[in-house]
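Each position in the sequence shown, counted from 1, maps to that position plus 14 in the numbering used here. These notes are about the structure you will find just below.
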Amino acid sequence: MTDVLNTARPDVAGDSPATVDQPAVMLYTRLRKSPYFWKSRACGAAVYSVYNHTYHPRHYGDPVGEYWALLDGVTIWDVGVERQLEISGPDAFDFTNMLVPRDLTKCEVGQCKYVFVTAPDGGIVNDPVLLRLEEDRFWLSLADSDVGLWAMGLAHAGGWNVHIAEADVAPLQVQGPRSREVLRDLFGDAVLDVPYYRMREFTVDGMRVVVSRTGYSGELGYELYLHNASRDAERLWDAVWEAGRPYGMRPIGPCHMRRIEAGMLAYGCDITLDTNPLEVGYDYRWMVDLDQEADFIGKSALARARSEGISRLMVGMEISGEPLGTYNDGSMIEPFAVHDGSGAPVGRVTSACRSPRLERNIGLAMVPIELSETGTTLQVHTPSGVREGTVVEKPFVDPRKETPKR
Numbered sequence: 015m016t017d018v019l020n021t022a023r024p025d026v027a028g029d030s031p032a033t034v035d036q037p038a039v040m041l042y043t044r045l046r047k048s049p050y051f052w053k054s055r056a057c058g059a060a061v062y063s064v065y066n067h068t069y070h071p072r073h074y075g076d077p078v079g080e081y082w083a084l085l086d087g088v089t090i091w092d093v094g095v096e097r098q099l100e101i102s103g104p105d106a107f108d109f110t111n112m113l114v115p116r117d118l119t120k121c122e123v124g125q126c127k128y129v130f131v132t133a134p135d136g137g138i139v140n141d142p143v144l145l146r147l148e149e150d151r152f153w154l155s156l157a158d159s160d161v162g163l164w165a166m167g168l169a170h171a172g173g174w175n176v177h178i179a180e181a182d183v184a185p186l187q188v189q190g191p192r193s194r195e196v197l198r199d200l201f202g203d204a205v206l207d208v209p210y211y212r213m214r215e216f217t218v219d220g221m222r223v224v225v226s227r228t229g230y231s232g233e234l235g236y237e238l239y240l241h242n243a244s245r246d247a248e249r250l251w252d253a254v255w256e257a258g259r260p261y262g263m264r265p266i267g268p269c270h271m272r273r274i275e276a277g278m279l280a281y282g283c284d285i286t287l288d289t290n291p292l293e294v295g296y297d298y299r300w301m302v303d304l305d306q307e308a309d310f311i312g313k314s315a316l317a318r319a320r321s322e323g324i325s326r327l328m329v330g331m332e333i334s335g336e337p338l339g340t341y342n343d344g345s346m347i348e349p350f351a352v353h354d355g356s357g358a359p360v361g362r363v364t365s366a367c368r369s370p371r372l373e374r375n376i377g378l379a380m381v382p383i384e385l386s387e388t389g390t391t392l393q394v395h396t397p398s399g400v401r402e403g404t405v406v407e408k409p410f411v412d413p414r415k416e417t418p419k420r
């Protein structure tokens with residue numbers, strides 16, 4: 015134990031600061047700290063969660079203000095919790111291609127891909143961003159599950175000639191419409207040439223940084239993957255902060271209101287081992303490529319699911335009533351159960367919030383396929399009572415992703 019954190023227990027309104035006395039959480043060595051932990055804490059991190067066994071700043075006291083800063087200005091995110099699993103060696107390409115349903119022969123060096131890591135039954139083990147650094151060297155920028163152990167076990171059992179390790183690399187996100195100006199001032203005009211879901215290495219003040227046009231915001235933005243993060247993380251934070259100061263940079267946590275608007279998934283609530291890519295709306299030939307020659311884990315199960323059809327589907331949902339708050343997930347307090355017209359339970363809301371710009375309660379919900387048609391009305395059981403939920407199209411905002419691609 016090294017310190018004490020004040021934390022906020024989510025109230026009925028979700029992530030909004032609660033009004034009751036808050037418990038203290040001890041910092042233990044068995045839970046890690048991001049390389050940027052002390053910098054983000056000095057900026058006023060108010061609420062923490064645990065992600066990849068690491069303390070993660072959830073927000074800085076004003077989630078709605080942070081939302082508008084993301085939409086209108088530029089923000090810095092401590093996402094050092096996204097561990098970088100490096101896979102390298104003679105068999106690295108074939109092994110990595112086996113882990114994911116995407117056809118990595120279509121992924122060039124210098125390219126990034128959003129991927130699922132799937133289990134033998136097609137369930138989702140993780141949904142990282144994959145970065146191809148070299149022909150036989152990859153990073154998986156991990157969501158919240160132990161993919162390193164999964165990959166090491168598969169490599170050992172299969173006799174693959176690969177090296178699997180967590181790289182000493184930690185990302186920062188710089189997101190928002192003014193992020194391009196901040197990155198230009200920090201790295202020079204060449205950074206403006208990095209296309210969407212591509213990456214390039216830069217140097218700033220002697221620090222090596224891989225810059226990618228990716229992010230978890232649905233906005234224009236970048237991720238900065240710092241080499242030697244255990245040594246240089248605080249220096250990079252300071253450099254980014256100084257570059258962002260003229261543009262009113264603001265520290266924020268993961269903006270779930272914006273990612274729900276964008277229909278982006280969160281591992282552990284929207285997707286788990288119990289869901290497969292087809293059920294969450296990713297039945298795209300490019301995300302689950304069953305026609306590729308190579309085999310991948312879960313291929314036969316997903317082929318069967320596509321052939322026989324799925325029984326449930328994740329949909330967008332508008333929820334009536336008073337504001338639900340800045341973020342609710344399906345595990346908070348009690349599940350947001352979904353019932354049909356007869357009152358029978360049929361599914362659940364996995365993520366929900368009040369969208370400040372839409373001025374509506376929106377969310378993602380897993381429902382039976384026969385109740386997934388747009389316009390279907392259902393009952394949503396929330397901690398404050400039963401509300402009407404209406405199935406709507408998702409994403410709720412910018413369905414063609416024109417904003418982050420601009």
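Ideal Cβ positions, reconstructed from N, Cα and C, are used throughout, including at glycine.
Taking just the CA atoms, how far does Ser321 sit from Pro438? Past the edges of the chain, shown from 15 to 420, lies residue 438, and the structure says nothing about it.
For Phe310, name the three-state secondary structure that DSSP assigns. coil
Thinking C-beta only, is Tyr62 closer than 8 Å to Gln125? no
Which runs of the alpha helix (DSSP H) at least 4 residues long sit entirely within the segment 115-175? Give them in chain order. Entirely contained in the segment 115-175, the alpha helix (DSSP H) runs reaching 4 residues are, in chain order, 161-172.
Secondary structure at Pro71, three-state DSSP: helix, strand or coil? strand
Cβ-Cβ distance between Val161 and Val139 below 8 Å: yes
C-alpha distance - Trp153 paired with Ile178, whole-angstrom precision: 10 Å
Comparing C-alpha positions only, which one of Met221, Ser54, Met263 sits nearest to Arg192? Met263
Would you mind reading off the limits of the alpha helix (DSSP H) that contains Gly399? Looking at the DSSP string, Gly399 is not in any alpha helix (DSSP H); the run it does join, the beta strand (DSSP E), is 399-406.
Which residue comes first and which comes last in the beta strand (DSSP E) that contains Phe410? First-last for Phe410: undefined, no H or E at that position.
Are the CB atoms of Pro418 and Gly235 nearer to each other than 8 Å? yes
Three-state secondary structure assigned by DSSP to Trp300: coil
When the distance is taken between beta carbons, is Arg326 closer than 8 Å to Glu293? yes
Contiguous alpha helix (DSSP H) assignments of at least 4 residues, all confined to the segment 343-398: none
Skipping 5 residues on each side, what residues in its chain have a beta carbon closer than 8 Å to that of Leu281? The identity of residue 281 in the sequence shown is Tyr, whereas the question assumes Leu. If we look at Tyr281 and ignore the five residues flanking it on each side, its Cβ neighbours are Ile138, Asn140, Asp141, Ala157, Asp158, Ser159.
Spatial neighbours of Thr424 within its chain, please: C-beta separation below 6 Å, excluding the five flanking residues on both sides. Not covered by the structure: residue 424. The range shown for the chain is 15 to 420.
When burial is assigned at 16 or more other CB atoms within 10 Å of the CB, is Glu122 buried or exposed? exposed
I'd like to know whether the C-beta atoms of Ser365 and Cys269 end up nearer to each other than 8 Å. no
Is the segment 241-259 touching the segment 61-79 in the sense that three or more CB pairs, one from each, lie closer than 8 Å? Cβ pair count under 8 Å is below three, so no.
Which residues bound the beta strand (DSSP E) around Pro185? 183-189 is the span of the beta strand (DSSP E), which, as asked, contains Pro185.
Report all residues from its chain with a CB closer than 6 Å to the CB of Ala276; omit the five preceding and five following residues, and keep chain order. Gly232, Pro409
In whole angstroms, what is the alpha-carbon distance linking Gly87 and Thr110? 37 Å
Glu96, buried or exposed, once every other Cβ within 10 Å from all chains shown has been counted against 16: buried
Counting C-beta neighbours from all protein chains within 10 Å, is the total for Ala308 16 or more, i.e. buried, or is it exposed? exposed
Which word fits Tyr69, buried or exposed, when buried means at least 16 other C-beta atoms lie within 10 angstroms of its C-beta? buried
Using the three-state DSSP reduction, which class does Ala276 fall into: helix, strand or coil? coil
Under the rule that 16 or more other beta-carbon atoms within 10 Å means buried, what is Asn66, buried or exposed? buried
Just to confirm before moving on: does the CB-CB distance between Met221 and Leu145 stay below 8 Å? Taking a C-beta distance under 8 Å as the contact criterion, Met221 and Leu145 do not qualify as a contact pair.
Identify which residue in Asp303, Glu384, Asn342, Gln306 has its Cα closest to the Cα of Met328. The candidate whose alpha carbon is nearest that of Met328 is Glu384.
Mapping the DSSP letters down to three states, classify Asp217 as helix, strand or coil. It should be noted that the sequence gives Thr, not Asp, for residue 217. Residue state, collapsed to three classes: strand.
Determine the direct distance from the alpha carbon of Tyr296 to that of Arg318, and round the result to whole angstroms. 15 Å
Is the beta carbon of Pro115 sitting closer than 8 Å to the one on Met278? no
Check this for me: beta carbons of Val208 and Arg227, under 8 Å apart or not? yes
Euclidean distance between Cα positions of Leu200 and Gly229: 18 Å
On a CA-only basis, which of Ser244, Arg272, Thr217 is nearest Val254? Give me that one, please. Thr217 is the residue among Ser244, Arg272, Thr217 whose C-alpha sits nearest the C-alpha of Val254.
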